[in-house]
Amino acid sequence: MWYNIDFYKWAILLLPTDLRKPKMIGFIKTLISPVANLHVEFLKMRVADEFILNHNGQRCYLRKALNDVFDADLRRIRIGDGNQFERHYIYTRAEQKPVFLGKLFINDKTDYADTGIDFIVYVPDSIVKSRKITLEKWIEIFKKGTKKYKIIAI
């Protein structure tokens, strides 16, 4: 492609043939090395940007991107629905309703349907402990702006 340039070869080819001596070639390579280093950085950034552009905020692509970055071998990262449980209404004394509520399970306040958690990312505990901030950064890159999420260690 147009971005694959060998700057060392290009600089030597631009030299007149009578100046292509070993000392002159070494001098030209020394002059060109900062440009070649910038080109290598450009190629690395291009690969990273291409990875981000090939994935989006859809659940399947987000799961694939997170597994590619954090758990390429075992691919244990999963994404589940966020709004899971309905709240139970407890009556006030003025309503004079029975106090017995039956069997209740106490959940975290973010597990209820009206909290706005749109999806839950299930991540292995070792990844959460070692690279949680990086994981949050990658989720923020791919998720839509209005979506909220929660990370749960499995």
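This note's numbering runs 740 ahead of the 1-based position in the sequence shown. Even glycine gets a Cβ: it sits at the ideal position worked out from N, Cα and C.
Check: How many Å lie between K890 and A776 at the Cα?
Finding: Distance between the alpha carbons of K890 and A776 is about 43 Å.
### Query
In whole angstroms, what separates the C-alpha of I892 from that of I860?
Separation of I892 and I860 (C-alpha to C-alpha, rounded to the nearest whole angstrom) is 7 Å.
Does the separation of the CB atoms of M764 and L755 fall below 8 Å?
In this structure, L755 lies closer than 8 Å to M764 by Cβ.
*Helix or strand or just coil, what does DSSP make of G820?*
Here DSSP, grouped into helix, strand and coil, assigns G820 to strand.
Meets three-Cβ-pair contact criterion under 8 Å: the stretch 864-873 and the stretch 803-811: The stretch 864-873 is in contact with the stretch 803-811.
Would you tell me roughly how many angstroms separate the C-alpha atoms of G766 and V780, rounded to the nearest one? Rounded to whole angstroms, G766 to V780 spans 20 Å at the Cα level.
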